[in-house]
Amino acid sequence: MFTGSLEADLLLGDVHSLKQKRSVVRPIVAALVKMQVSAAEVGDQALHRRARIGVAVAAADARHAGEVLDSCERLLASRPEVELLSVRRKVRGDDD
Numbered sequence: 000m001f002t003g004s005l006e007a008d009l010l011l012g013d014v015h016s017l018k019q020k021r022s023v024v025r026p027i028v029a030a031l032v033k034m035q036v037s038a039a040e041v042g043d044q045a046l047h048r049r050a051r052i053g054v055a056v057a058a059a060d061a062r063h064a065g066e067v068l069d070s071c072e073r074l075l076a077s078r079p080e081v082e083l084l085s086v087r088r089k090v091r092g093d094d095d
């Protein structure tokens with residue numbers, strides 16, 4: 000079994016309050032969950048123009064875990080309301 004994780008640092012566009020931030024972040028997390036991964040806002044909750052999104056996936060092989068994380072990263076990069084600043088990824092197997 001392999002587990003993959005991705006942490007994305009996002010800069011939100013025209014957001015001036017935490018309420019507006021939630022209205023941007025929630026649909027992004029929902030779209031990620033539809034890709035059959037676990038996803039949540041994992042950091043920068045008190046900052047209204049920044050968000051950190053965490054994604055986790057379990058897979059039978061490392062290649063599949065990597066492909067799923069690639070798809071998640073593409074989804075985040077394609078969202079016009081946010082700018083993807085950085086991504087940290089890890090894929091771990093039973094031996095790690």
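In this text, residue positions in the sequence shown follow numbering that gives the first Met the number 0: the first is 0, and each later residue adds one.
A virtual CB, placed ideally from N, CA and C, is assigned to each residue, including glycine.
Distance CB(residue i)-CB(residue j) smaller than 8 Å
{"i": "L9", "j": "L74", "result": "no"}
{"i": "A50", "j": "A58", "result": "no"}
{"i": "V24", "j": "A38", "result": "no"}
Helix, strand or coil at residue i according to DSSP, with G and I counted as helix
{"i": "V110", "result": "A question about residue 110 goes unanswered here, because the residues of the chain that appear run from 0 up to 95."}
{"i": "V90", "result": "strand"}
{"i": "F32", "result": "Phe is not the amino acid found at residue 32; the sequence shown has Val there. Looking at V32 - three-state DSSP - the assignment turns out to be helix."}
Straight-line gap, residue i to residue j (C-alpha atoms, nearest Å)
{"i": "R78", "j": "D94", "result": "36 Å"}
{"i": "L84", "j": "A7", "result": "8 Å"}
{"i": "A61", "j": "G12", "result": "34 Å"}
{"i": "A29", "j": "M0", "result": "25 Å"}
{"i": "H15", "j": "V67", "result": "32 Å"}
{"i": "D43", "j": "V81", "result": "15 Å"}
Outcome for residue i when other beta-carbon atoms lying within 10 angstroms are tallied against a minimum of 16
{"i": "G3", "result": "buried"}
{"i": "V41", "result": "exposed"}
{"i": "L46", "result": "exposed"}
query = In the stretch 44 to 79, which residue ranges form an unbroken alpha helix (DSSP H) of at least 4 residues, counting only runs that do not cross its ends?
reply = If we require 4 residues or more, the alpha helix (DSSP H) runs fully inside the stretch 44 to 79 come out as 61 to 77.
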